[in-house]
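Below is one structure, written out as structure tokens; the observations come after it.
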Amino acid sequence: MSFKILQNRFSRLTFLVLLTLSFSFSNSIADTAPAPAAGGSDPAMVADGKNLFEANCTACHAVHKVKVGPALKDVKKRRDIAWIKKFVRGSQNVIKSGDPYAVNLYKQYNNTEMTAFPSFTDKEIESIVAYITEESKNVPQENKAAVGGGVGGSAAPANDYSDLILILTIITLVLVAVTLIVFMTVIRKYLRDREASLDEDDKEIVNQKYSLSAVLKSKIFISIVVVLFTCIAVRSCWVGLMSVGVEQNYAPVQPIPFSHKQHAGDMKIDCGYCHTGVYRGKQANIPGVNICMNCHSQVKEGSRFGKDGIALVIEHYKKNKPVQWVRVHNLPDLAYFNHSQHTVAGGLDCIKCHGQIDSMEVVKQYSNLTMGWCINCHRETAVNGKDNAYYDKLLKVHDEKVAAGIRKGDMKVEHIGGLECSKCHY
Ligand code: HEC
Ligand code: HEC
Ligand code: HEC
Ligand code: HEC
Ligand code: HEC
Ligand code: HEC
Numbered sequence: 003m004s005f006k007i008l009q010n011r012f013s014r015l016t017f018l019v020l021l022t023l024s025f026s027f028s029n030s031i032a033d034t035a036p037a038p039a040a041g042g043s044d045p046a047m048v049a050d051g052k053n054l055f056e057a058n059c060t061a062c063h064a065v066h067k068v069k070v071g072p073a074l075k076d077v078k079k080r081r082d083i084a085w086i087k088k089f090v091r092g093s094q095n096v097i098k099s100g101d102p103y104a105v106n107l108y109k110q111y112n113n114t115e116m117t118a119f120p121s122f123t124d125k126e127i128e129s130i131v132a133y134i135t136e137e138s139k140n141v142p143q144e145n146k147a148a149v150g151g152g153v154g155g156s157a158a159p160a161n162d163y164s165d166l167i168l169i170l171t172i173i174t175l176v177l178v179a180v181t182l183i184v185f186m187t188v189i190r191k192y193l194r195d196r197e198a199s200l201d202e203d204d205k206e207i208v209n210q211k212y213s214l215s216a217v218l219k220s221k222i223f224i225s226i227v228v229v230l231f232t233c234i235a236v237r238s239c240w241v242g243l244m245s246v247g248v249e250q251n252y253a254p255v256q257p258i259p260f261s262h263k264q265h266a267g268d269m270k271i272d273c274g275y276c277h278t279g280v281y282r283g284k285q286a287n288i289p290g291v292n293i294c295m296n297c298h299s300q301v302k303e304g305s306r307f308g309k310d311g312i313a314l315v316i317e318h319y320k321k322n323k324p325v326q327w328v329r330v331h332n333l334p335d336l337a338y339f340n341h342s343q344h345t346v347a348g349g350l351d352c353i354k355c356h357g358q359i360d361s362m363e364v365v366k367q368y369s370n371l372t373m374g375w376c377i378n379c380h381r382e383t384a385v386n387g388k389d390n391a392y393y394d395k396l397l398k399v400h401d402e403k404v405a406a407g408i409r410k411g412d413m414k415v416e417h418i419g420g421l422e423c424s425k426c427h428y
């Protein structure tokens, strides 16, 4: 084979290596998907369990730390699955039956009642336990999440994982490149020893000086580097943007010890009774003391603070002084969010975005409220077709989408423009 062909092959190979290098760079930066579950259990089951756990349990539980309820790390080693099923479906039944472990735990957690989940199937509870077991193997991520400041917590472990892959890929590719260069040098040397038998073209190439500075100055090299860095810059800007956190888990102390658990949970007062705008307009509204006084003109004593707690409400009312509630959720002014669009048109439950408010003594910010959070949900959630005249109108307008087979249930919020910048930004 002529040496020229050989050299062409070589430069193509080097180019490929560089290309792969740049790809693996941008890929691993983009890769925020959760790391696959290591270990024996079924990943689909663990994923189901994770969803159920996050939707129903994280208001009170974490795997590695105590929240309202105990840390659930290794719960399967403490309790058998039959016990866990009974407890999750109705912890009070287990406690009332006199089960010493449950009675003790209940006391230890100041008689806080765990929400009952009577409708959970065996499989659902097993999947939650599978998720907890998987998660128990992981080292807690608290410290790292804290350093990331505001960055949505769940993305952190996946990023660590992809960093590792990135480093391994780079090492491998550098090794491949070094091997190629060594190989090339050996061949050159071999051919130079036999220079006499080569034709003119090949001689010229063999005697070419392989100069590093020429390579560094070459157009191809410079363009690759430029493209590479532009990719990285754009990528990390975007990923950063998607996760500018707005203080997830923020739970400030309020001027009056108002409890959602007591009012919305135990007494089952409807959210819309106090948050009067939530089904009607953009703002949910925080109630004024007038609404509180509908009841507290009669009810003047509470079980937790005696007369002291409610006295604060009455005092504000008498002095006609608004309560200085500390705001928990606060999107920056540049973003537009409308409640009725989500609660009525979208048919979404408050829990989806605010967590189990009706079991919180003190309201905390449950979701991270980043742009990535809004957009992910718009990608995943189907437009609510039921009782939604707006939707039927849309389907008519989008005849071509119907023709293309997009029907109720397939049509995600992104298909009706939920990813357009101007929908959320003034
Ligand atoms: C309203 C808060 C709350 C919610 C929501 C909640 N729990 Fe609990 N959980 C508790 C408390 C408090 C305890 C401690 C026992 C008690 O006080 O009854 C507990 C105890 C437990 C225990 C026993 C832990 C141990 O160490 O033995 C398990 C298991 C458990 N919860 C599972 C779940 C699962 C699964 C979910 C979601 C489907 C869930 N919990 C949702 C508050 C909650
Ligand atoms: C009896 C009246 C009342 C009811 C019922 C009620 N809330 Fe509230 N809510 C308040 C008051 C007062 C505040 C402000 C004080 C605080 O943050 O605890 C508030 C605050 C909130 C906040 C935080 C607002 C902020 O500052 O960002 C959310 C979210 C919320 N409520 C959701 C709900 C949901 C969901 C329900 C129904 C499950 C509900 N509320 C039922 C009175 C009520
Ligand atoms: C629908 C009736 C109703 C409304 C509306 C209502 N409350 Fe209450 N609230 C009660 C009852 C009943 C209790 C006593 C519950 C208990 O201790 O078992 C109570 C208890 C309290 C307590 C004392 C808690 C304790 O354990 O000592 C405070 C503080 C309080 N409410 C604040 C508010 C505020 C602030 C509002 C308005 C945003 C409000 N409530 C609206 C019915 C209501
Ligand atoms: C799709 C997600 C989503 C759903 C569903 C949702 N909220 Fe909100 N909520 C938000 C966001 C985002 C904010 C912050 C808005 C802001 O700062 O402008 C917020 C803020 C609030 C506030 C603070 C006051 C205000 O108007 O900004 C209250 C109170 C509230 N929500 C109550 C509710 C209640 C009650 C429900 C259920 C009926 C509900 N939310 C359903 C996302 C949601
Ligand atoms: C839990 C899921 C969920 C989250 C989180 C969510 N949305 Fe939505 N959003 C929806 C659904 C569902 C609709 C469709 C409502 C309908 O059927 O018209 C919607 C519609 C919208 C629309 C109207 C889109 C259109 O083309 O008409 C805007 C604007 C919007 N959302 C803004 C936001 C913003 C801003 C955030 C974050 C602060 C957010 N949403 C978070 C589910 C969500
Ligand atoms: C579904 C709603 C939604 C859509 C669509 C959306 N954004 Fe955002 N965006 C938000 C929210 C909410 C925030 C504020 C969250 C935060 O600061 O973390 C935000 C923040 C931003 C910021 C950051 C401002 C700052 O102070 O950090 C920029 C820039 C931005 N968006 C640009 C865009 C562009 C460009 C597009 C179109 C490609 C877009 N957004 C589409 C909801 C949306």
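One gets this note's numbering by counting positions in the sequence shown from 1 and adding 2 to each.
Every residue gets a Cβ at the ideal spot worked out from N, C-alpha and C, and that includes glycine.
In whole angstroms, what separates the C-alpha of residue i from that of residue j?
i: V255; j: C352; result: 22 Å
i: H277; j: V68; result: 31 Å
i: I271; j: F122; result: 25 Å
i: E363; j: L421; result: 35 Å
i: I258; j: L314; result: 7 Å
i: K98; j: P324; result: 44 Å
i: C376; j: F307; result: 39 Å
i: D44; j: H66; result: 22 Å
i: D101; j: D76; result: 20 Å
i: E416; j: G267; result: 34 Å
i: M269; j: E317; result: 23 Å
i: D201; j: Y192; result: 15 Å
i: S261; j: V330; result: 14 Å
i: K125; j: N140; result: 23 Å
i: N58; j: A337; result: 28 Å
i: G151; j: Q250; result: Low per-residue confidence applies at G151: pLDDT is 33, beneath 50, and the placement is therefore not dependable enough to give any value.
i: A148; j: C297; result: Summary for A148: the model assigns pLDDT 34, below 50, so the residue's position carries little reliability; its value from the coordinates is reported in the next sentence. Answer to the nearest angstrom: the Cα atoms are 42 Å apart.
i: L170; j: E56; result: 32 Å
i: V291; j: L350; result: 28 Å
i: F223; j: L214; result: 11 Å
i: V70; j: K309; result: 26 Å
Below 8 Å, is the gap between the Cβ of residue i and the nearest heavy atom of ligand 2?
i: R80; result: no
i: Y275; result: yes
i: P334; result: no
i: R306; result: no
i: P289; result: yes
Just to check, is the beta-carbon of residue i closer than 8 Å to a non-hydrogen atom of ligand 6?
i: T372; result: yes
i: F223; result: no
i: C59; result: no
Would you grab the beta carbon distance between residue i and residue j for me? Rounded to a whole angstrom, and I think it's under 8 Å.
i: K284; j: N340; result: 5 Å
i: A104; j: M47; result: Between M47 and A104 the Cβ distance is about 26 Å, and since that is not below 8 Å, they are no contact.
i: K302; j: I312; result: 5 Å
i: P120; j: R91; result: 5 Å
i: I83; j: E128; result: 7 Å
i: V365; j: A253; result: 7 Å
i: K109; j: V96; result: About 14 Å separates the two Cβ atoms, so there is no contact after all.
i: G419; j: A61; result: Actually they do not touch by this definition, with Cβ atoms about 32 Å apart.
I'd like the list of long-range same chain contacts for residue i, defined as Cβ closer than 7 Å, with 5 residues on each side in sequence excluded.
i: K263; result: D360, S361, M362, E363
i: L74; result: H63, V65, I134
i: R381; result: K414, E416
i: V217; result: F223
i: C426; result: A337, Y338, C376
i: I288; result: W327
Closer than 6 Å by C-beta to residue i: which residues in its own chain qualify, once you throw out the five before and the five after it? Chain order, please.
i: W85; result: none
i: R282; result: S342
Is residue i close to ligand 1? I mean its beta-carbon at under 8 Å from any heavy atom of the ligand.
i: Q264; result: no
i: V365; result: no
i: P72; result: yes
i: T117; result: yes
Any heavy atom of ligand 4 closer than 8 Å to the CB of residue i?
i: Y111; result: no
i: F339; result: yes
i: R329; result: yes
i: V280; result: yes
i: C294; result: no
i: S138; result: no
Any heavy atom of ligand 5 closer than 8 Å to the Cβ of residue i?
i: S261; result: no
i: I418; result: yes
Using only the heavy atoms of ligand 3, determine whether one of them is closer than 8 Å to the beta carbon of residue i.
i: G311; result: yes
| task | Please specify which runs of the alpha helix (DSSP H), each continuous and at least 4 residues long, are wholly inside the stretch 199-268, giving them in chain order. | result | 202-209, 214-219, 221-244
| message | What ranges does the alpha helix (DSSP H) occupy inside the stretch 284-368, keeping only unbroken runs of at least 4 residues that lie completely in it? | response | 291-298, 309-320, 352-356
| message | List, from N- to C-terminal side, the alpha helix (DSSP H) runs of 4 residues or more that fit wholly inside the stretch 44-91. | response | 45-58, 77-80, 83-91
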